[in-house]
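Read the structure below first, then the notes.
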Amino acid sequence: MKSALRCLLAPTLLAHFAALPLGAQETQAAEQTYDLVVYGGTSAGVIAAVQAQRMGKRAIIVCPDTHLGGLSAGGLGWTDSGKKQVIGGLARSFYQRLKRHYDQPRAWRQQEAKDYSRYQVQADAIWVFEPHVAEQAFDDLTREAGIPVVRDRWLDRAGGVRVRDGAIRSIRTLDGAVYRGRMFIDATYEGDLLAAAGVSFHVGREGNALYGETLNGVQAKRAVSHQFAGKVDPYVVPGDPASGLLPRIQAGPPGEEGSGDHRVQAYTYRLCMTDAQDNRVPFIKPEGYDAGQYELLLRTLLAGSRHVFGKFDPAPNRKTDTNNSGSFSTDNIGRNYDYPTASYERRREILAEHELYQRGYFYFLCNDPRVPEDVRQRMQRWGLAKDEFLDNGHWPHQIYVREARRLVSDFVMSERHLRGVVPTPRPVGMGSYQMDSHNVQRYVAHDEHGRAFVRNEGDIQINPGGPYSISYDALTPRKQECTNLLVPVCLS
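My numbering applies: residue 587 is where the sequence shown begins, and numbers increase by one.
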């Protein structure tokens, strides 16, 4: 789900905490018993902890992250909000807090407020923002609420979750610290806590038949957006299959239409870029760079495509939230399939490969002499924002994990619930953004003459017809598996 929706759910989810007794006074973060232990420093985790604290409960955030806010503070400043009227509670107050920041003249360093169209003086909130502004808001929320935040603490996934009588009693991190609680929230993008607690989950795409859907599973026929224009040859030597496939094209067919598979939609880093020359860090050649990885991109450019500038969504102060656009872009298609359940070490390898891919992508566009001159000159105006992500080389600290594990509970939200075909029981939140998936795989297709060309598969962008409800039952595990865990991110 989108970050705004994740924030929206938390206040209602925590309403039943009012019946819980208060714990003893906190003396230190670890080895204490809390009313709520939140694992994960995403927007969902922060909002849930703040709401619990406002209800008089003792909450703690234990997170592998060093920065709060997840992707909301990690580059995704162009909020996918759908109908903004459905966003309320602490979620809306977060965007109102950001608006108050931008109401101050000192917030505008690279442009004037009147020159930024997404800032409206009369509006109560702002929906597009800079990463460091969002992170400061999350830090302020936890500080004002007096919530302890333990950072860079990684769950011991092998045996660090103690479950007794169907309830989580404590979690242990790799440094040996133990955090006891009455309720737990898995606010990670990966669903690591739910998995370590022995709760059922799914990774990949279900077949359409499982839940009576039409948009699940392999979607080759519907994949018309972010597609190659024309028929781009997939082979190293055009027209010669014996020469082998270009990099980043899979061998084999995509699979039967609508069938399930192990694949997940592509991840990306949402880069904060700028064309303000005094705040721009140029793209340099990354270690391990291989221009051959972008040969397919080059062929699309030489065929006339200029899709590479399609999603430089403007943020305040002449910055961007840079997202994938077109056939070959910042989405690293097909390189993340094992990420959801991978070890920490393997995940770090996957993240490093994604970073190399994106750094190389922009370096290639700025510097390779084969790239059309108009593209090179235009791209050379851009670079990473110097005043963002100061401790990480101006690179986002959070990759966009569009999906990973998904909880499988007694109730599973499906396309039918979003479209209103069947009612949603026990609603506790709302969403309104479209049903969408980024591309999942890139393969070789053939036309009626047997000519091979490249296609992407997996992209869907379908409006469900209006706002939809989110069930409480999609956030709780099966009763026989765990009774004190909420999962607002990797929901069922």
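For glycine and all other residues, C-beta sits at the position ideal for the given N, C-alpha and C. Owing to the predicted nature of the structure, the values given are computational and were not obtained by experimental measurement.
Under the DSSP assignment, Y930 falls in the alpha helix (DSSP H) whose first and last residues are Y930 to N953. For N1042, the enclosing beta strand (DSSP E) stretches over residues A1038 to E1043. Sequence-distant partners of N922 (beyond 5 residues in either direction) whose C-beta falls short of 8 Å from its own C-beta, in its chain, are V850, A852, Y853, I936 and H940. I1048 has M1021 as its beta-bridge partners, per DSSP. If you look at M769, you'll find it isn't in any alpha helix (DSSP H); it sits in the beta strand (DSSP E) that goes V764 to D772. For I919 against N1025, the beta-carbon gap comes to about 5 Å, under 8 Å, which counts as contact.
For R739, same chain residues with a beta-carbon under 6 Å away, outside a window of 5 residues either side, are V648 and T759 in chain order. When the beta-carbon positions are compared, P833 and Q805 stay at least 8 Å from each other. Contact between T906 and F898 is confirmed by a C-beta separation of about 5 Å, below the 8 Å threshold. When Q1066, V1073 and P1074 are compared, the shortest CA-CA separation from R750 is found for Q1066.
I733 is the residue among I733, I1056, P1074 and K871 whose C-alpha sits nearest the C-alpha of D621. Counting along the chain, P1011 sits inside no beta strand (DSSP E), nor does DSSP assign it H or E at all. If the five residues before and after R956 are omitted, its C-beta is found closer than 7 Å to the C-beta atoms of L884, all from its own chain and listed in chain order. Below 8 Å, enough C-beta pairs join the stretch 666 to 681 and the stretch 632 to 645 to call them touching: three or more. Nearest to G663 by C-alpha distance, out of S913, E843, R992 and P982, is P982. A773 and L780 have their C-alpha atoms spaced approximately 10 Å apart.
Separation of R991 and A1060 (C-alpha to C-alpha, rounded to the nearest whole angstrom) is 14 Å. Three or more beta-carbon pairs separated by less than 8 Å link the stretch 717 to 727 to the stretch 966 to 981, which places the two stretches in contact. Across the structure, G790 and P840 are spaced so that their CA atoms are roughly 14 Å apart. Non-local beta-carbon contacts of H893 in its own chain, meaning distances under 6 Å to residues more than five positions away in sequence, involve S911 and G912 in chain order. DSSP places H893 within a helical segment (H, G or I) once states are collapsed to three.
G946 has its alpha-carbon roughly 13 Å from the corresponding atom of G969. G969 is bridged by DSSP to T860. In the displayed model, Y923 falls within coil according to three-state DSSP, outside both helix and strand. Under the three-pair Cβ rule at 8 Å, the stretch 806 to 823 counts as touching the stretch 1031 to 1049. In this structure, L993 lies near V785, with their beta-carbon atoms less than 8 Å apart. A731 sits in a helix when the DSSP states are folded into three classes.
Rounded to the nearest angstrom, the gap between the Cα atoms of D847 and Q1027 is 11 Å.
R1002 and F895 have their C-alpha atoms roughly 35 Å apart. Here the alpha carbon of V1075 sits roughly 11 Å from the alpha carbon of R988. Boundaries of the beta strand (DSSP E) harbouring R748: V747 to R750, taken from the DSSP string. Under the three-state reduction of DSSP output, F680 falls in the helix class. With respect to Y797, S1023 sits apart: the two C-beta atoms are not nearer than 8 Å. The three-state reading of DSSP puts L1061 in coil, since its state is none of H, G, I, E or B. For H1032, the uninterrupted beta strand (DSSP E) run begins and ends at Q1027 to H1032, by DSSP.
Beyond the five residues adjoining it in sequence on each side, R748 comes within less than 8 Å, by CB distance, of I754, R755, S756, I757 and R758 in the same chain, given in chain order.
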